[in-house]
Amino acid sequence: MRRGKRSAAPSDSSGPDLDGAAISVRDLAKSFGKVRALDGVDLDVEAGTVLGLLGPNGAGKTTMVRILATLLKPDGGTARVAGLDAVRDEAALRERIGLAGQYAAVDENLTGLENLTMVGRLYGEPRRVAKGRGNELLERFELLDAANRPAKTYSGGMRRRLDLAAALVANPPVLFLDEPTNGLDPRSRLALWETIEGLVADGTTVLLTTQYLDEADRLAGRIAVIDHGRLLAEGTPDELKDRVGGERLEIQLERAAQAEDAVAALVAMSDEGPPRFNGEVVQVAVRQRSGAIVDAVERLVKAGVGVADIALRRPTLDDVFLALTGHAAEPAEEQPDR
Amino acid sequence: MRRTIKDTLVIAERNLVRIPRAPELLLAFTVQPIMFVLLFRYVFGGAIKTPGFSYVDFLVPGIIVQTIAFGGFVTALGLNEDLHKGLIDRFRSLPMSRAAVLAGRTCADLVTNALAIMVLVLTGLLIGFSFHAGVVQIIGGFALMLLFGYAFSWVFAFLGMIVSSAEAANSVGFIVLFPLSFISSAFVPVRSMPAVLRAFAQVNPFTLTVDAMRALWLDAPAGNDVWGAFAWTIAIIVVFAPLAVARYRRATGQ
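Here you go:
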């Protein structure tokens, strides 16, 4: 979060402790022209855990991943991955990381097996060994039937699995997943989530960027929210939700035109600012959950407001995201950008 | 160094394996130039006077030079696609040689260019072309063509990485190569052109290269054309290979 001290910070605070942080970032900065993509970010990911990196488009998520994966050089700060410096030790680091990107980076004209064999050989393995490893991965990702078909005949989900398999060829201890399920159908997403969970159970450290908050909630032990290149918050999903506040009462109105009446009727029972109408539901922050629904219904009936549905809800990561990135204060029509 | 060669071969293999699977590229290499040969031989050729040569002898070296120069398109299109589909990112995240992606690409072009030269020479022989030179000169001509094609592969590698899309690579490459290949001695004698075009054609490296090919394969009087053609070709490599490599290092694939 701080800026100013750039190269002065030595790497002593982020030494290569073996069972501590697998990824350790200090004061990382990167600009493209006038745009500060990363503006002094600190971040730690413990070995064998998943960190979900959240933020709107252009927040700096991909820049962070690209620096950690040695594809970009930072302007300032340090980044250590698997005990190695992402700039000074880039060649050695490439042996220890896997990268699966947004675009399913496989060669469409090669078969699944040829793709994995090529990657294995580029890690320096002889062809026979690379092929064996390729077959092993295809089996694990249930692609063996399609092993000898060009990847252009694969479905979206199959390509993502092949892409992930390619990232795993060298059994890397640290894995970067840049929006791994972007554009996948729900069933393929679920299957990919289960695969990722399996990898983490085996000890892999994962840094995951995503725009899907349910994905982060499910996979990530800790979450970091960034925007405009700055770290806004970091913690477990529960910690972040608690920071946003307690429970929320959500009331769906029979007629949206009565929103103002509803807000006026409920303002007395809100524990935190006035109730909000977001175009669909009226939200009221409540600390005391028992009796809240009955209380609210009575007030609304008295005010003559028709209620279609009413429920108590814990804050979701959507609420966290909106609260942190400031979009929550925007007019009702502004939906979170998916 | 050994690692670079190994990785280059892996990438070259990858680029060659895919050619039969994307047959439209193979057609661009083989059928299209054959159509050109037939067009000029049988449609335009009768109206073009080439003192000292039969038109088919005059034509074949010219059309081979043109075809080989355009052969680098495969590199431009392929690199551009790799960049935008994230494959370059994958390669750059691997512990492989940094030079191998480009070297593998251009080496694969050597193979496809050799194939194109064979197809065109065979077509030429079928419609009346014949060599009028010794074995050493003929082999020298093949060598010049492969080197010339290799040089243009680097030009196209650079082009493929600076333009935004494969379509853009296609049109920019075409706009540059079209005048170079047609305002030259490839299809008609330079003397038959108006003064302005003639001046351009006389300094055009394509003219130099085509004349060198005619010297090597037809024993035409060459002057310094042969050495000049080799010098031009090497100069193109010396300029564009480092440009392409520098561009590759900075490539982000955004």
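Sequences listed follow chains E and L, in order.
All you need for my numbering is the position in the first sequence, starting with 1, plus 31.
Counting from 1, position 109 in the second sequence corresponds to residue 96 in my numbering; the numbering is continuous, with no gaps.
All C-beta atoms, glycine included, are put in the ideal place defined by N, C-alpha and C.
Predicted, not measured: the structure shown is a model, and the values here were computed from it.
One or two residues paired with residue i in a DSSP bridge
i	result
A264 of chain E	E:V256
V81 of chain E	E:V237
V112 of chain E	E:I54, E:L115
E281 of chain E	E:Q314, E:A342
A196 of chain E	DSSP lists no partner for A196 of chain E.
L69 of chain E	E:K61
D75 of chain E	E:S55
T142 of chain E	E:P181
G89 of chain E	In the DSSP output, where bridge partners are listed per residue, G89 of chain E has none listed.
G107 of chain E	E:A60
Limits of the alpha helix (DSSP H) - the one that residue i falls within
i	result
E154 of chain L	153 to 169
L246 of chain E	In the sequence on display, residue 246 of chain E carries Glu and not Leu. First-last of the alpha helix (DSSP H) with E246 of chain E: 244 to 250.
F227 of chain L	212 to 237
V122 of chain L	122 to 149
P217 of chain E	217 to 232
F172 of chain E	Segment: none, F172 of chain E is in no alpha helix (DSSP H) and carries neither H nor E.
K92 of chain E	92 to 99
V351 of chain E	348 to 356
L297 of chain E	290 to 297
A122 of chain E	121 to 125
Proximity to residue i [Cα-Cα], best of the options
i	options	result
A323 of chain E	E:G277, E:E285, E:R286	E:G277
V81 of chain E	E:G234, E:A339, E:S301	E:G234
G73 of chain L	E:E173, E:D194, E:T240	E:D194
I128 of chain E	E:L169, E:G91, E:R192, E:A53	E:A53
A120 of chain L	L:F31, L:P7, L:N2, L:D44	L:D44
T110 of chain L	L:A233, L:N211, L:V18	L:V18
A138 of chain L	L:I21, L:R(-11), L:F187, L:I223	L:I223
G49 of chain L	L:D198, L:R1, L:S140	L:D198
R171 of chain E	E:E139, E:P203, E:E145, E:R192	E:R192
A103 of chain L	L:R92, L:G91, L:V52	L:V52
I228 of chain L	L:Y42, L:G39, L:D(-6), L:R92	It should be noted that the sequence gives Ala, not Ile, for residue 228 of chain L. Nearest option by C-alpha distance: L:R92.
F217 of chain L	L:G136, L:R8, L:L230, L:A(-1)	L:G136
A60 of chain E	E:P105, E:G83, E:V96	E:P105
S55 of chain E	E:K65, E:G229, E:T93, E:L99	E:L99
R220 of chain E	E:T241, E:V231, E:T236, E:V200	E:T241
V4 of chain L	E:A78, E:L238, E:D138	E:D138
L215 of chain E	E:G229, E:L206, E:G187, E:R97	E:G187
V108 of chain L	L:L97, L:G128, L:C94	L:G128
F27 of chain L	L:V190, L:S179, L:A173, L:V183	L:A173
R345 of chain E	E:V275, E:V298, E:N166	E:V275
G107 of chain E	E:G114, E:M95, E:L263	E:M95
D349 of chain E	E:T184, E:L244, E:A290, E:A293	E:L244
G39 of chain L	L:I221, L:V232, L:L205, L:G210	L:L205
E303 of chain E	E:N166, E:A247, E:V315, E:I282	E:V315
F(-10) of chain L	L:P10, L:Q124, L:R85, L:V24	Before going further, note that residue -10 of chain L is Arg rather than Phe in the sequence given. Cα-wise, what sits closest to R(-10) of chain L is L:R85.
D326 of chain E	E:F308, E:E311, E:A293, E:T347	E:A293
L66 of chain L	L:I(-8), L:W141, L:G210	L:W141
K36 of chain L	L:V175, L:Q189, L:M200	L:V175
Exposure of residue i, with buried meaning 16 or more beta-carbon neighbours within 10 Å
i	result
L14 of chain L	exposed
L353 of chain E	buried
G32 of chain L	buried
E154 of chain L	exposed
A339 of chain E	exposed
F63 of chain E	exposed
R237 of chain L	exposed
N140 of chain E	buried
P41 of chain E	Only weak support is given to the placement of P41 of chain E: the predicted model assigns it a pLDDT of 40, under 50, and the value that follows is read from those uncertain coordinates. P41 of chain E is exposed by the Cβ-count criterion.
K272 of chain E	buried
R152 of chain E	buried
I221 of chain L	exposed
K65 of chain E	exposed
I(-2) of chain L	buried
T196 of chain L	buried
Q366 of chain E	At Q366 of chain E the pLDDT is 34, less than 50, meaning the model places this residue with poor confidence and gives no usable figure here.
I282 of chain E	buried
Residue span of the beta strand (DSSP E) that contains residue i, given as start and end
i	result
T236 of chain E	236 to 241
I114 of chain L	Element bounds for I114 of chain L: n/a, residue is neither H nor E.
S62 of chain E	52 to 63
Q189 of chain L	Taken as a continuous stretch (DSSP letters only), Q189 of chain L belongs to no beta strand (DSSP E), being part of the alpha helix (DSSP H) at 182 to 190.
D209 of chain E	205 to 209
G276 of chain E	Per DSSP, G276 of chain E belongs to no beta strand (DSSP E) and is neither H nor E.
G129 of chain E	128 to 131
Check: residue i C-beta below 7 Å from any heavy atom of the ligand PLP
i	result
F308 of chain E	As presented, the structure is devoid of all ligands, the ligand PLP included, so that no description of it is given.
For a minimum of 4 consecutive residues, which ranges assigned as the alpha helix (DSSP H) are wholly contained in the segment -9 to 60 of chain L? 10 to 25, 42 to 58
Which runs of the beta strand (DSSP E) fall wholly inside the segment 301 to 334 of chain E and span at least 3 residues, in chain order? 312 to 317
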